[in-house]
Amino acid sequence: MTFTLRLALPAAALSLLAACATQAPPAASPAPTATKATVAPTTAAAGAGEFFVVMPESGRIYVFGDTKNYKDFLAHGEVTLTRTQIGAGPGGRTLVYGITKPDVKANVPSIGEQIMTGNLAPSANFYGEVMKNGRFYLFGDLKEMKDFVAHGEVAYGYTDIGVGPKGESLVYVMNKA
5 MTFTLRLALP AAALSLLAAC ATQAPPAASP APTATKATVA PTTAAAGAGE
55 FFVVMPESGR IYVFGDTKNY KDFLAHGEVT LTRTQIGAGP GGRTLVYGIT
105 KPDVKANVPS IGEQIMTGNL APSANFYGEV MKNGRFYLFG DLKEMKDFVA
155 HGEVAYGYTD IGVGPKGESL VYVMNKA
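Taking the numbering used here, I'd label the letters of the sequence shown as residues 5 to 181.
Below is the structure:
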């Protein structure tokens, strides 16, 4: 199998999976006028496009909302700037958020923190990636990704063995349809 074909097959499979979503968005209900002062989740114009999580055997959960910090962590195993929440993750695990200099200067939660807490909705073309046990799990749905982070298992997936960046396996997470 040629190198180009190996790259094209996973991309085609992921695009087909994204198109096969069976869950329709919930119907919009009118907001009550008396509760307009409550804080609603922030939705940026585009929403959260990318979300990355690394689950090493140490038990900590590393969360990234930007590609640069995520790739640096995969290359070096460390993050320059972090915000840690001990016991705040699923099952009482520690969450370590990779943050950027602008996040520090503005003293605001990072994109990864906003996504994890539900304060930033995913965009229509959401892409999520979890690195666990030498496998990359690829998601097109934020809810399925959060369920995986909490429980460590996917119900349906297609595994492509040895085609990752350094020979890792890729698991394309699918829904039932």
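Where a beta carbon is used, it is the ideal one built from N, C-alpha and C, also for glycine.
Under 8 Å between C-beta atoms of residue i and residue j
| i | j | result |
| --- | --- | --- |
| LEU124 | TYR176 | no |
| GLY144 | SER114 | no |
| PHE55 | GLY116 | yes |
| PHE77 | VAL58 | yes |
Paired residues, beta bridge with residue i - DSSP
| i | result |
| --- | --- |
| ARG139 | LYS136, SER173 |
| GLU54 | TYR131 |
| VAL67 | VAL57, TYR101 |
| THR84 | DSSP, once it has assigned bridges, lists no residue as partnering THR84. |
| TYR74 | Per DSSP, none; premise fails for TYR74. |
| GLN89 | LEU99 |
| MET178 | TYR160 |
Backbone CA spacing between residue i and residue j [nearest angstrom]
| i | j | result |
| --- | --- | --- |
| GLY138 | MET178 | 19 Å |
| VAL134 | PRO106 | 24 Å |
| ALA79 | PRO169 | 11 Å |
| GLY102 | LYS75 | 11 Å |
| GLU61 | LYS109 | 32 Å |
| ILE119 | GLY166 | 30 Å |
| VAL43 | ASP164 | Note that VAL43 scores 36 on pLDDT, short of 50, meaning its location in the model is unreliable and no value can be drawn from it. |
| LYS136 | PHE130 | 20 Å |
| GLY53 | GLU148 | 15 Å |
| ALA35 | GLY81 | Only weak support exists for where ALA35 lies, its pLDDT of 47 falling under 50; the coordinates are left without a value. |
| PRO126 | ASP151 | 15 Å |
| SER173 | TYR162 | 10 Å |
| VAL112 | ARG87 | 11 Å |
| GLY96 | GLY171 | 32 Å |
| ILE65 | ALA128 | 25 Å |
| THR202 | THR98 | With the chain represented from 5 up to 181, any question about residue 202 goes unanswered, as that position is not in the structure. |
| GLU157 | THR104 | 30 Å |
| LYS180 | ALA159 | 8 Å |
| THR71 | HIS155 | 24 Å |
| ASN73 | GLY132 | 15 Å |
| VAL83 | LEU146 | 23 Å |
Exposed unless 16 or more other CB atoms sit within 10 angstroms - verdict on residue i
| i | result |
| --- | --- |
| ILE90 | exposed |
| LEU85 | exposed |
| GLY63 | exposed |
Integer-rounded CB distance, given that residue j should sit under 8 Å from residue i
| i | j | result |
| --- | --- | --- |
| VAL100 | VAL153 | Contact doesn't hold; Cβ gap of about 13 Å is too wide. |
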